[in-house]
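For what it's worth, the working numbering labels the leading residue of the sequence shown as 10, then goes sequentially.
Every residue, glycine too, gets a C-beta built ideally from N, C-alpha and C.
Presented below is the structure to which this report refers.
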Amino acid sequence: MGLFNAKMKNKVLEFFILMLREGVRPNQATLTSVLRVCTRLALLELGTQVRVHVLKYDQDLILNYALLDMYSKCGSLEDAKSIFYKMVEKDVISWSTMIARLAQNRYSRKALKLFELMKASGLEPNYITILSVLFACSHAGLVEDGLYYFQSMKKLYGIEPENEHYGCIIDLLGKAGTVDQVVKLIHDMEYEPDAVTWRALPGAYKVHRNTDLAIYAPKQILNLDPQDAGTYILLSNIYAYLQRWDNAVEVMKTMRDRGVRKEPGCSWIEVNKHIHAFIFRDRSHPKIVENYKELNQLIYKLLAVGYVPNTNFVLHDLEGEQKEDSIRYHSEKLAIIIGLMSLSRGKTIRIRKNIRICGDCHIVAKLTAKIEDQTVVIRNPIRYHHFQDGIFSCGDFW
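Okay, here's the thing in structure tokens:
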């Protein structure tokens with residue numbers, strides 16, 4: 010979600026607050042809509058205030074599910090679990106959601122235990138439940154568990170594996186380095202792999218540097234989905250890392266010729282119910298000069314404790330300081346600075362990002378959490394990264 014959509018969602022919240030001031034009591038539909046906005050923007054503070062109004066409809070399944078989703082997607086798993094275990098009625102959607110959110114936050118073993126509890130409750134898993142279980146296995150590298158659930162899903166539950174299931178198991182096997190097994194699985198599929206399936210393969214490159222596979226997979230994606238901007242960037246990045254500059258430039262030229270535009274990286278943070286949003290190289294924020302100054306000071310502190318800028322995937326054939334400057338002012342770094350400037354020590358810095366976090370920002374968040382004694386949670390469209398005291402939930406396996 011880009012900056013424009015974030016601002017539009019913020020308008021929805023402003024109308025909700027005005028509604029309360031006018032003394033109009035919100036109904037279930039209104040509360041559900043507002044909670045969904047809080048979820049999309051990762052507005053934990055406002056979502057928690059909305060919960061007060063939800064209490065009037067304590068046993069409403071849809072509202073409880075919206076609360077559960079909001080807390081879990083804001084990275085507040087303890088609150089999410091509290092809602093989940095208090096729910097008198099839990100349907101397969103609620104169970105599947107909790108399993109998926111535990112997996113996304115890197116609590117894969119807990120996700121699998123919850124799946125066993127769900128089965129013990131008498132509920133049958135559905136397509137989404139199994140997908141969440143495979144997602145948990147993929148996130149934690151649980152190869153044996155993942156293969157068991159994948160191979161038994163049809164036999165035990167009558168669920169035919171589809172492209173998303175194959176994508177999870179291919180991601181798992183690729184990261185484990187079993188490339189031959191991945192290739193065999195793709196060839197054994199009952200139907201042609203789609204873009205979702207091929208998108209799972211670049212993970213094998215990140216972990217095992219299988220160059221041939223890393224280049225082949227994005228090319229297959231672009232054959233199926235020539236408008237996928239992220240794949241052009243990925244392929245160009247891989248060529249840049251291999252110093253195949255002509256190939257990297259050609260990929261970006263093809264992207265431009267086809268009229269494909271990359272969505273700019275956008276990060277936002279909620280402070281005192283106000284959204285601070287940042288886009289790379291956008292200087293419209295009222296405190297941008299102060300932000301840059303504070304960020305530069307933070308970088309100097311990080312350099313003193315061993316930080317080395319990760320410029321492996323800078324797109325262009327740049328040298329030295331030029332490469333470092335091209336990654337220094339990424340949007341999530343600026344959002345972290347707002348959190349450090351505005352929130353008291355001990356309060357979690359929660360950041361929402363519209364695209365995947367880069368390797369350098371991952372390092373900066375990890376070291377910042379340690380030296381500033383602050384917890385940082387960064388959520389992108391797929392995964393959640395928790396950083397606390399030098400410990401990070403993904404274990405650099407993302």
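Continuous alpha helix (DSSP H) stretch holding Ile178: start and end: For the purposes of this step, residue 178 is taken as residue 169 along the sequence shown, with counting starting at 1. Unbroken alpha helix (DSSP H) run through Ile178: 172 to 184.
Through-space distance from Ile92 to Thr206, alpha-carbon basis: As a first step, residue 206 is located in the sequence shown; it is residue number 197 there, counting from the start. As a first step, residue 92 is located in the sequence shown; it is residue number 83 there, counting from the start. Between Thr206 and Ile92, the C-alpha separation is close to 34 Å.
Boundaries (first-last residue) of the beta strand (DSSP E) holding Ile288: Stepping through the sequence shown from its first residue, residue 288 is reached at position 279. Counting along the chain, the beta strand (DSSP E) containing Ile288 begins and ends at 283 to 288.
Alpha-carbon to alpha-carbon, Arg208 and Thr263: As a first step, residue 263 is located in the sequence shown; it is residue number 254 there, counting from the start. As a first step, residue 208 is located in the sequence shown; it is residue number 199 there, counting from the start. Using only the alpha carbons, I get a separation of about 19 Å.
Integer-rounded CB distance, given that Lys362 should sit under 8 Å from Glu341: Reading the sequence shown from its first residue, position 332 is the one you call residue 341. Reading the sequence shown from its first residue, position 353 is the one you call residue 362. The C-beta distance from Glu341 to Lys362 rounds to 6 Å, short enough to meet the 8 Å contact threshold.
Boundaries of the alpha helix (DSSP H) in which Tyr157 is found, first to last residue: What you label residue 157 is simply residue 148 of the sequence shown in a count that begins at 1. Per DSSP, Tyr157 belongs to the alpha helix (DSSP H) from 152 to 166.
Leu343 burial status per 10 Å Cβ neighbour count (16 or more: buried): As a working mapping, residue 343 is identified with position 334 in the sequence shown. Buried: at least 16 other Cβ atoms inside 10 Å.
Residue closest to Ile179, alpha-carbon to alpha-carbon, out of Pro170, Ile247, Val191: For the purposes of this step, residue 179 is identified with residue 170 of the sequence shown, where counting begins at 1. Here the closest residue by C-alpha is Val191.
Beta-carbon gap between Ala185 and Gly150 smaller than 9 Å: Residue 185 sits at position 176 when you count from the first residue of the sequence shown. Residue 150 sits at position 141 when you count from the first residue of the sequence shown. Closer than 9 Å, so yes.
Run of the beta strand (DSSP E) containing His394, from where it starts to where it stops: Stepping through the sequence shown from its first residue, residue 394 is reached at position 385. Looking at the DSSP string, the run of the beta strand (DSSP E) that includes His394 is 393 to 397.
Extent of the continuous alpha helix (DSSP H) run through Val142: Mapped onto the sequence shown, residue 142 falls at position 133. That run of the alpha helix (DSSP H) goes 136 to 149.
Inter-stretch contact at 8 Å, needing at least 3 Cβ pairs: the region 296 to 310 / the region 251 to 260: Judged by pairs of C-beta atoms under 8 Å, the region 296 to 310 does not touch the region 251 to 260, as fewer than three such pairs exist.
Coil, strand or helix - Cys275 by DSSP: Within the sequence shown, numbered from 1, the residue matching residue 275 stands at position 266. Note: Cys275 maps to strand in three-state DSSP.
Val101 to Leu70 span [Cα, whole Å]: On the sequence shown, position 92 is the one that residue 101 refers to. On the sequence shown, position 61 is the one that residue 70 refers to. Val101 and Leu70: Cα-Cα distance of roughly 12 Å.
Unbroken beta strand (DSSP E) run spanning Val269, endpoints: Within the sequence shown, numbered from 1, the residue matching residue 269 stands at position 260. Per DSSP, Val269 belongs to no beta strand (DSSP E) and is neither H nor E.
CB contact flag (Leu111, Cys83, <9 Å): Taking the first residue of the sequence shown as position 1, residue 111 is located at position 102. Taking the first residue of the sequence shown as position 1, residue 83 is located at position 74. Their beta carbons are not under 9 Å apart, which means Leu111 does not touch Cys83 by this criterion.
9 Å Cβ cutoff met for Glu279 and Ile364: By 1-based counting over the sequence shown, the position of residue 279 is 270. By 1-based counting over the sequence shown, the position of residue 364 is 355. In this structure, Ile364 does not lie closer than 9 Å to Glu279 by Cβ.
Bridge partners - Lys362, DSSP secondary structure assignment: Here residue 362 is taken as the residue at index 353 of the sequence shown, counted from 1. Ser276, per the DSSP bridge assignment.
Below-9 Å beta-carbon distance, His283 vs any chain C residue: Structure shown: chain C not included; a single protein chain is present.
Coarse secondary structure for Arg118, derived from DSSP in three states: As a working mapping, residue 118 is identified with position 109 in the sequence shown. Reduced to three states, the DSSP call for Arg118 is helix.
Where the beta strand (DSSP E) containing Val386 begins and where it ends: By one-based count along the sequence shown, residue 386 stands at place 377. For Val386, the enclosing beta strand (DSSP E) begins and ends at 385 to 388.
Opening and closing residue of the alpha helix (DSSP H) in which Lys82 lies: The residue given as residue 82 occupies position 73 in the sequence shown. Bounds of the alpha helix (DSSP H) holding Lys82 are 70 to 82.
Enclosing alpha helix (DSSP H) for Ala209 [first to last residue]: The count along the sequence shown starts at 1 and reaches residue 209 at position 200. Taken as a continuous stretch (DSSP letters only), Ala209 belongs to no alpha helix (DSSP H), as it is neither H nor E.
Alpha-carbon spacing of Asp291 relative to Gly268, whole angstroms: In the sequence shown, the residue the question calls residue 291 occupies position 282. In the sequence shown, the residue the question calls residue 268 occupies position 259. Whole-angstrom Cα-Cα distance: 23 Å.
Beta-carbon contacts of Asn281 that lie in its chain and below 8 Å, excluding the five residues immediately before and after: Within the sequence shown, residue 281 is the residue found at index 272, counting from 1. Counting only Cβ-Cβ distances below 8 Å, and skipping sequence neighbours, we find Glu54, Ser351.
Helix, strand or coil at Glu125 according to DSSP, with G and I counted as helix: Residue mapping note: residue 125 aligns to position 116 of the sequence shown, counting from 1. Helix.
Unbroken alpha helix (DSSP H) run spanning Met107, endpoints: Counting from one through the sequence shown, the residue named residue 107 turns up at place 98. From DSSP, the alpha helix (DSSP H) with Met107 extends over 101 to 113.
Touching by the beta-carbon criterion (3+ pairs, under 8 Å), the region 309 to 320 and the region 345 to 359: Contact between the region 309 to 320 and the region 345 to 359 is absent, because fewer than three Cβ pairs lie under 8 Å.
Of the listed residues Glu299, Cys47, Gln37, nearest to Leu22 (C-alpha basis): In the sequence shown, counting from the first residue as 1, residue 22 sits at position 13. Just measuring C-alpha positions, the residue of Glu299, Cys47, Gln37 sitting nearest Leu22 is Cys47.
Close beta carbons around Glu173, own chain, < 8 Å, minus the five adjacent residues each side: Position 164 of the sequence shown, counting from 1, holds the residue named residue 173. Only Leu140, Val205 meet the Cβ criterion.
Selection from Val188, Asp234, Thr320, Asp197 that minimises the alpha carbon distance to Ile221: Numbered from 1 along the sequence shown, position 212 holds the residue referred to as residue 221. In the sequence under discussion, the amino acid at residue 221 is Asp, which differs from the Ile named in the question. The shortest C-alpha to C-alpha distance from Asp221 to any of Val188, Asp234, Thr320, Asp197 is the one to Val188.
Coarse secondary structure for Cys2, derived from DSSP in three states: Only positions 10 to 407 of the chain appear in the structure, and residue 2 is not among them; the question remains open.
Check whether Asp369 and His395 have beta carbons under 9 Å apart: As a working note, residue 369 is residue 360 in the sequence shown. As a working note, residue 395 is residue 386 in the sequence shown. Not a contact, by the Cβ cut-off of 9 Å.
Minimum C-alpha distance to Val59 - residue among Val142, Thr240, Cys146, Thr41: Walking along the sequence shown from the start, residue 59 turns up at place 50. Proximity to Val59 across Val142, Thr240, Cys146, Thr41 peaks at Thr41, based on C-alpha coordinates.
Bounding residues of the alpha helix (DSSP H) (the contiguous stretch that carries Gln306): As a first step, residue 306 must be located in the sequence shown, where it is residue number 297. Start and end: 297 to 313.
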